[in-house]
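Going down the list, the sequences are from chains Y and R.
Each residue of the first sequence is one higher than the one before, counting from 8 in this note's numbering.
Each residue of the second sequence is one higher than the one before, counting from 55 in this note's numbering.
Just so you know, even glycine gets a beta-carbon here, dropped at the ideal spot from N, CA and C.
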Amino acid sequence: MQSLVLSFALAGAFACGAQPKKPTNPLGDSPQVAEAGQQLYNRTCTGCHGPDGGEGERAPSLDANRRYFRVSEAAIFEVVKNGIPGTAMPSTNLPDTEIWKIVAFIRNVRATASDLVVAGDVRNGMLVFRGEGGCVRCHMIRGQGGLLGPDLSSIGAQLPLKKLHETLTKPRPIPIGFRPVTVTNLQGETISGVARNADGFSLQVLDAKGKLHLLDTKELRTVNYAKESLMPHNFDRTLNGEQYRDLVAMLAVQARTKVRAPLQGENEAGR
Amino acid sequence: MSFRTLLIGAALSGVSLTAQVTEKQLREAQAGNWLHYNGSYDSRRHSALNQIHTGNVDALVPRWIFRVPGATTLQTVPIVVDGVMYVTQPNEVYAIDARSGRKIWEYHRVPARLKGPNRGVAVWMDKVYFTTPDAHLIALNAATGNVIWESKIAEASDGYWSPAAPLVVKGKVLAGIAPGDHGLNGFLDAYDATTGERLWRFHSIPRPGEPGSETWSGDSWKSAGGNTWLTGSYDPELNLLYWGIGNPAPDFNGDVRLGDNLYTECVVALDLDTGKLKWYFQFTPHDTMDWDAVEIPVLVDAPYKGKIWKLMAHADRNGFYYLLDRVTGKFLHGVPFVKKLNWASGLTPEGRPIRVPGIEPTLKGTVVCPAAAGAANWQSPAYSPATGLFYVVAQEGCGLANKSTETFRPGGFQYRATGDVNLRDESWKVYVRALDLTTGQLRWESERTGSTGLGGGLLSTAGGLLFSGEQNGQFVGLDAKSGETLWHFYTGQQISAQPITYTINGKQHVAIAAGADILSFALFEFKGPTK
Numbered sequence: 008m009q010s011l012v013l014s015f016a017l018a019g020a021f022a023c024g025a026q027p028k029k030p031t032n033p034l035g036d037s038p039q040v041a042e043a044g045q046q047l048y049n050r051t052c053t054g055c056h057g058p059d060g061g062e063g064e065r066a067p068s069l070d071a072n073r074r075y076f077r078v079s080e081a082a083i084f085e086v087v088k089n090g091i092p093g094t095a096m097p098s099t100n101l102p103d104t105e106i107w108k109i110v111a112f113i114r115n116v117r118a119t120a121s122d123l124v125v126a127g128d129v130r131n132g133m134l135v136f137r138g139e140g141g142c143v144r145c146h147m148i149r150g151q152g153g154l155l156g157p158d159l160s161s162i163g164a165q166l167p168l169k170k171l172h173e174t175l176t177k178p179r180p181i182p183i184g185f186r187p188v189t190v191t192n193l194q195g196e197t198i199s200g201v202a203r204n205a206d207g208f209s210l211q212v213l214d215a216k217g218k219l220h221l222l223d224t225k226e227l228r229t230v231n232y233a234k235e236s237l238m239p240h241n242f243d244r245t246l247n248g249e250q251y252r253d254l255v256a257m258l259a260v261q262a263r264t265k266v267r268a269p270l271q272g273e274n275e276a277g278r
Numbered sequence: 055m056s057f058r059t060l061l062i063g064a065a066l067s068g069v070s071l072t073a074q075v076t077e078k079q080l081r082e083a084q085a086g087n088w089l090h091y092n093g094s095y096d097s098r099r100h101s102a103l104n105q106i107h108t109g110n111v112d113a114l115v116p117r118w119i120f121r122v123p124g125a126t127t128l129q130t131v132p133i134v135v136d137g138v139m140y141v142t143q144p145n146e147v148y149a150i151d152a153r154s155g156r157k158i159w160e161y162h163r164v165p166a167r168l169k170g171p172n173r174g175v176a177v178w179m180d181k182v183y184f185t186t187p188d189a190h191l192i193a194l195n196a197a198t199g200n201v202i203w204e205s206k207i208a209e210a211s212d213g214y215w216s217p218a219a220p221l222v223v224k225g226k227v228l229a230g231i232a233p234g235d236h237g238l239n240g241f242l243d244a245y246d247a248t249t250g251e252r253l254w255r256f257h258s259i260p261r262p263g264e265p266g267s268e269t270w271s272g273d274s275w276k277s278a279g280g281n282t283w284l285t286g287s288y289d290p291e292l293n294l295l296y297w298g299i300g301n302p303a304p305d306f307n308g309d310v311r312l313g314d315n316l317y318t319e320c321v322v323a324l325d326l327d328t329g330k331l332k333w334y335f336q337f338t339p340h341d342t343m344d345w346d347a348v349e350i351p352v353l354v355d356a357p358y359k360g361k362i363w364k365l366m367a368h369a370d371r372n373g374f375y376y377l378l379d380r381v382t383g384k385f386l387h388g389v390p391f392v393k394k395l396n397w398a399s400g401l402t403p404e405g406r407p408i409r410v411p412g413i414e415p416t417l418k419g420t421v422v423c424p425a426a427a428g429a430a431n432w433q434s435p436a437y438s439p440a441t442g443l444f445y446v447v448a449q450e451g452c453g454l455a456n457k458s459t460e461t462f463r464p465g466g467f468q469y470r471a472t473g474d475v476n477l478r479d480e481s482w483k484v485y486v487r488a489l490d491l492t493t494g495q496l497r498w499e500s501e502r503t504g505s506t507g508l509g510g511g512l513l514s515t516a517g518g519l520l521f522s523g524e525q526n527g528q529f530v531g532l533d534a535k536s537g538e539t540l541w542h543f544y545t546g547q548q549i550s551a552q553p554i555t556y557t558i559n560g561k562q563h564v565a566i567a568a569g570a571d572i573l574s575f576a577l578f579e580f581k582g583p584t585k
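Here it is as structure tokens:
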């Protein structure tokens, strides 16, 4: 785990610009550069990849939903310039300046929500979080809120914007440690909550009032797990457009720990 | 009724009822839970639990092992609240089901800095507090590990970090700082346990014009050390905190800091509400051997010279055992608790050491006993009201001590001006010693055979047992009256932490960190044939 923590730390240092020794984008990462890169990408790369970084006829999508071994700006630059041997990915004779624009766009496609400027009123989004949205019953931001769901103090730094939208609008798998469960013990008492941890012999349940129940499976008559997450997935319908936009904008800026979760496969190359 | 309706409906009902550790519980420190680093505000490390006793300790067997990922030699002291155990390593906190050993949650400080060790958490209401290698104090929700607040204690880039378990008293979190070996001036802080706001700071090095500043020559006070890297004690009646202060800097060259160098090598008594100094007592004026006086102050009310006194007992790294009046700080009594002690011939009636000329670090090297590693160190002592004995891990060893003219460099560099070489030969020994509380006389001793370092600390129980974790990996149970070894379990790893005891469903357990693991023991129960 310590190596994971260390890799988090290194990723953080890199993201903060403290670390890089390899070349970084000389054009910077402003929205304008990324936008110019997007136009360029849509003109030159969509013969194979899909438009705007999506999946294409002959090449995969470049968004944050897949596993990457090339993550740094330098690595993306290298592959755009020189191609990938043994695949259909060709080299290019675009000038370096143009390649860097494409790199900025690809990085943007993979960025976490807190890396982006997301339209909306953050202050109003917090009101929605605490009020109409009902989020605060289960979720905590910076020490304020409920315990039943994951702490969202760094959610903007953990999820790409697209996934942030998905968690609010589509059914999602239950995160580890948050599976709803109801048990009855040998005395017939019922305990409901989320199973923070379980094995064949013991179960640790956090109930809605924030109390931990440490249970021995021998002392339980029934254990019923729910199939679905407690998380609603219809916020785009239960909130009005403005409320939904502001909620997303507020969540996007939550980056208490300014280190994104590693993209799947990151730092695992060569294992 | 659906899960969602049931659960979120309950969540709606408002105030969290997470297990709450009240001020009363912290003060009473009743057996069953283990709520403080040293068990109770008086730091006696004595538990009223007696299910495991001298007559049945032979049946003590491990119940579970929890491996702390990536750990090497843990120094964490587990804290147990209503069956949930909290353990730490630098940057990390783990909540464990204390009946099964299963992890409930974990917290990782990001970005992590690699400065260790970490000695554990403190608890209050629904929160868990710990300090970090980047010198922050963090409050976590006890049920989930969610971060509630974090406060910066000091600048990590200056070289500060924080390894000690905090102490919570009356809604204040007391947090200390390290190191004293980098020329960084120390202090003790109090934070609001609810908000994380800093309430006061006691500077362990007086600034110019303040009382005590005359004990530092020239500008030496500017890079003077005096840190607070272990946990202190508290007397609710006097509303006083007792905290040990670490070494002066540079550690081994006193020529550049002439004077007594207050308040290094002191125990200070501080008003809890204000942080103001009530009194101090200095064990090693003008120390040149890195003999931090952070060893745990143990508070006992006991008869002394015909009346009941509020006493403080302290076995110092410098080799002397001290008895103080903890109301006034007056020295009452002091004797050596190790035989290898050559730097002082005794103590004056005021408790000041009578130094032997020439026994101090030199350019050429001088044999000084105890070695800088100390006659005692972070290994917590224990006191049993049943036996009236003070138990201490005592090290018999000398060092060849050198000094140099090294100067201070800012930025977190070592500022020791050299050190000592441990003269480890067959005469270097480690013991558990039982001292009469008021006379300091040796009543029994048990050698930690095979240990060449202090190892872990002690736990006394009403079962007449003294549990002791040895550097060589043996976890032993001694007869608290005689020192006879009644039980042992080989953990296979170096022990550098102190044991604790708690109950699960009324059954006594004993737990300790050994190497990378937390182990919990209980009495073997044969429940009849398996099939």
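My understanding is that residue i touches residue j, with C-beta atoms under 8 Å, so please give their C-beta distance in whole angstroms.
i	j	result
Ala229 of chain R	Pro220 of chain R	5 Å
Leu171 of chain Y	Ala111 of chain Y	Their Cβ separation, rounded to whole angstroms, is 21 Å, which puts Leu171 of chain Y and Ala111 of chain Y out of contact at 8 Å.
Asp223 of chain Y	Gly200 of chain Y	Wrong, their Cβ atoms sit about 16 Å apart, outside the cutoff.
Ser277 of chain R	Ala303 of chain R	6 Å
Asp314 of chain R	Thr269 of chain R	4 Å
Asp25 of chain R	Ser209 of chain Y	In this structure chain R extends from 55 to 585, so residue 25 of chain R is not present and cannot be described.
Ile554 of chain R	Gly523 of chain R	11 Å between Cβ atoms; not a contact.
If you compare alpha carbons, which of the options is closest to residue i?
i	options	result
Trp178 of chain R	R:Glu204, R:Asn172, R:Gly225, R:Ile192	R:Gly225
Asp136 of chain R	R:Glu538, R:Asn559, R:Val447	R:Asn559
Asn110 of chain R	R:Asp346, R:Gln562, R:Lys585	R:Gln562
Leu89 of chain R	R:Gly279, R:Ser514, R:Val131	R:Val131
Asp479 of chain R	R:Cys452, R:Trp498, R:Gly494	R:Cys452
Gly44 of chain Y	Y:Asp206, Y:Thr31, Y:Gly60, Y:Phe76	Y:Gly60
Trp215 of chain R	R:Phe241, R:Glu291, R:Ser536	R:Phe241
Which of helix, strand or coil does DSSP assign to residue i?
i	result
Asp273 of chain R	coil
Thr185 of chain R	strand
Leu577 of chain R	strand
Ser514 of chain R	strand
Thr555 of chain R	strand
Glu160 of chain R	strand
Ile133 of chain R	strand
Ile572 of chain R	strand
Phe374 of chain R	strand
Met238 of chain Y	coil
How would you call residue i, buried or exposed, if buried means at least 16 neighbouring beta carbons within 10 angstroms?
i	result
Ile91 of chain Y	exposed
Arg228 of chain Y	exposed
Ser98 of chain Y	exposed
Ala232 of chain R	buried
Tyr376 of chain R	buried
Thr382 of chain R	exposed
Asn241 of chain Y	exposed
Arg244 of chain Y	exposed
Gln250 of chain Y	buried
Tyr544 of chain R	exposed
Lys359 of chain R	exposed
Ala259 of chain Y	buried
Pro180 of chain Y	exposed
Could you spell out where the alpha helix (DSSP H) holding residue i opens and where it closes?
i	result
Tyr251 of chain Y	248–259
Trp482 of chain R	No alpha helix (DSSP H) holds Trp482 of chain R; DSSP gives it neither H nor E.
Ala81 of chain Y	80–89
Ile162 of chain Y	162–165
Arg117 of chain Y	103–117
Assuming residue i is part of the beta strand (DSSP E), what are its boundary residues?
i	result
Asp151 of chain R	146–151
Trp541 of chain R	539–544
Lys418 of chain R	No beta strand (DSSP E) holds Lys418 of chain R; DSSP gives it neither H nor E.
His387 of chain R	385–390
May I ask you to check if the CB of residue i is nearer than 6 Å to at least one heavy atom of the ligand MN?
i	result
Ile162 of chain Y	No copy of the ligand MN appears in this structure; indeed no ligand is present at all.
Using a Cβ-Cβ cutoff of 9 Å, what residues of the stretch 170–204 of chain Y are near chain B? List them in chain order. This model lacks chain B altogether; the protein chains it does include are Y and R.
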